[in-house]
Amino acid sequence: MEEIKTRVCIIGSGPAAHTAAIYAARAELKPILFEGWMANDIAPGGQLTTTTDVENFPGFPEGIMGGELMDRCRSQSLRFGTQVFTETVNKVDFSSTPFKITTDSKTVVADTVVVATGAVAKRLHFSGSDTFWNRGISACAVCDGAAPIFRNKPLAVIGGGDSAMEEANFLTKYGSKVYIIHRRDTFRASKIMQNRALTNPKIEVLWNSVTEEAYGERSLTGLKVRNMVTDEVSDLKVSGLFFAIGHEPATKFLDGQLELDSDGYVLTKPGTTQTSVRGVFAAGDVQDKKYRQAITAAGTGSFSCFVIFVHLQF
Ligand code: FAD
Ligand code: NDP
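Under my numbering, the first residue of the sequence shown carries the number 16, and numbering increases by one thereafter.
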């Protein structure tokens with residue numbers, strides 16, 4: 016097992032990890048960054064690699080594709096001397112300093128660590144949901160929506176947040192009709208995203224509704240949906256179902272070594288990125304269930320480095 020020493024080790028590959036890397040590398044701290052290899056089923060680059068246009072990241076007035084934005088972030092990290100390993104961290108030892116961060120092939124011994132492993136899409140489990148997973152059921156419309164099985168067919172999205180609105184709109188490019196199945200009678204999505212969905216003639220919303228069963232033959236052909244107000248169960252003929260019901264923080268590999276909240280997010284000292292272990296910082300969605308945006312993730316990535324500079328008496 017190869018062992019490498021560093022002053023700063025960054026775990027993750029989204030906007031938080033790369034911003035931390037850019038700041039640390041420009042300060043000549045020669046950071047090491049583990050970007051993961053399909054960690055939690057997401058490509059290096061994180062959640063933005065699963066989306067199309069990013070329209071709210073400053074500096075791109077025409078918008079930028081999520082994958083391209085993350086390629087640019089990675090290039091910027093490399094430009095200033097970050098060492099990037101395409102490996103997933105599966106073990107950490109934060110019990111004493113220097114900290115140890117381990118992958119299948121190497122251990123990094125680090126004075127400080129930034130945990131920026133983000134979050135992953137949640138899945139629902141009901142009768143048939145596992146049987147038709149990847150056979151009509153997906154958690155990423157942008158990744159899977161263009162597949163031939165969805166073309167010109169009715170499709171459904173579950174959720175009421177920005178992801179559900181974005182996915183439903185995106186799917187109207189391919190499907191004949193898109194149903195949004197939402198468990199309440201209002202969306203939590205931002206007004207602009209809601210309006211885009213609600214004014215799209217190919218989208219119909221099934222309010223106060225929950226999915227109870229998925230059925231089909233070789234692939235999904237329909238859903239049983241219960242209206243929670245009338246208790247009526249209806250049959251919805253769809254060839255595709257996309258979960259857009261939020262995310263789970265990627266913290267299992269920490270194995271209890273940092274304090275987490277009840278939903279598994281890393282707890283940080285209010286207003287800082289300091290975790291329960293001195294010298295270990297958390298940035299981005301792994302510690303933020305409120306804002307969860309590329310720009311806020313990037314902000315906490317940079318903030319981690321300012322605290323690291325103080326910590327290392329740099
Ligand atoms: P993430 O992007 O979550 O990336 C972390 C990555 O680290 C993981 O994906 C994985 O590759 C890697 N990793 C995980 N575990 C390990 C490990 N153990 N070892 C090594 N590497 C690991 N925000 C916006 O501002 N604008 C938008 O338009 C927008 N659109 C979105 C569209 C979709 C479909 C989704 C799902 C989200 C969108 N968001 C958008 C939110 C935005 O993507 C996130 O807030 C942001 O990506 C969070 O960044 P992060 O740095 O915390 O990490
Ligand atoms: P959210 O947590 O915002 O929304 C999740 C939705 O799924 C909610 O409507 C919730 O319902 C519903 N839900 C959760 N659990 C269940 C369940 N068990 N059964 C049925 N429905 C369920 O997640 P998003 O992924 O939409 O957004 C995450 C972050 O990413 C947000 O900050 C968002 O702004 C950002 N984002 C931004 C985009 C943009 O700006 N273009 C695009 C996509 C995401 P309920 O409302 O009842 O709780």
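Note that beta-carbon positions come from the ideal geometry of N, C-alpha and C, so glycine has one too. Since the model is a prediction, treat every value here as computed from it, not as a measurement.
Whether S142 touches E43 by CB criterion (7 Å): Locating residue 142 in the sequence shown gives position 127, where the first residue counts as 1. Locating residue 43 in the sequence shown gives position 28, where the first residue counts as 1. No, the Cβ-Cβ distance between S142 and E43 is not below 7 Å.
Meets three-Cβ-pair contact criterion under 8 Å: the region 66-79 and the region 138-152: no
Under 7 Å between C-beta atoms of G255 and G151: The residue labelled residue 255 in the question sits at position 240 within the sequence shown. The residue labelled residue 151 in the question sits at position 136 within the sequence shown. Yes, these two residues count as a Cβ contact at 7 Å.
Distance between T21 and P163 (C-alpha atoms, nearest Å): In the sequence shown, counting from the first residue as 1, residue 163 sits at position 148. In the sequence shown, counting from the first residue as 1, residue 21 sits at position 6. Cα to Cα, the separation comes out at about 48 Å.
Segment contact, 8 Å Cβ cut-off, at least three pairs: the region 244-251 with the region 118-133: no
Nearest-angstrom beta carbon gap, G299 and P30 [assumed within contact, 8 Å]: The residue you call residue 30 lines up with position 15 of the sequence shown. The residue you call residue 299 lines up with position 284 of the sequence shown. Right, their Cβ atoms sit about 7 Å apart.
Straight-line gap, Q209 to T201 (C-alpha atoms, nearest Å): Taking the sequence shown and counting its residues from 1, the one referred to as residue 209 is at position 194. Taking the sequence shown and counting its residues from 1, the one referred to as residue 201 is at position 186. Straight-line Cα distance between these residues: approximately 10 Å.
Check: S178 C-beta below 6 Å from any heavy atom of the ligand NDP: Walking along the sequence shown from the start, residue 178 turns up at place 163. The answer is yes for S178.
Contacts around T187, its chain only, beta-carbon distance under 7 Å, and the 5 residues preceding and following it disregarded: Your numbering for residue 187 matches position 172 in the sequence shown. So the qualifying residues of the chain are V193, N215, K217 and I218.
Alpha helix (DSSP H) segments (min. 4 residues) lying fully within the region 101-187: 156-159 and 177-186
Local conformation of R307 per DSSP, three classes: Along the sequence shown, one-based indexing puts residue 307 at 292. Reduced to three states, the DSSP call for R307 is coil.
Three-state secondary structure (DSSP) of D276: Taking the sequence shown and counting its residues from 1, the one referred to as residue 276 is at position 261. Looking at D276 - three-state DSSP - the assignment turns out to be coil, as it is neither helix nor strand.
Through-space distance from T315 to W148, alpha-carbon basis: Along the sequence shown, one-based indexing puts residue 148 at 133. Along the sequence shown, one-based indexing puts residue 315 at 300. If you take the alpha carbons of W148 and T315, they lie about 35 Å apart.
Sequence-distant residues of its chain with Cβ nearer than 7 Å to C155 (five each side left out): Here the question's residue 155 lines up with position 140 in the sequence shown. The residues are T65 and A136.
DSSP beta-bridge partners of D86: Taking the sequence shown and counting its residues from 1, one reaches residue 86 at position 71. Answer by DSSP bridge pairing: none, since D86 is not bridged.
Buried or exposed (CB count within 10 angstroms, at least 16 for buried), D177: As a position in the sequence shown, residue 177 is number 162, starting the count at 1. It counts as buried.
Beta-carbon contacts of L251 that lie in its chain and below 7 Å, excluding the five residues immediately before and after: For this step, residue 251 is matched to residue 236 along the sequence shown. Closer than 7 Å at Cβ, skipping near neighbours: A171, Y194, G237, L238 and V240.
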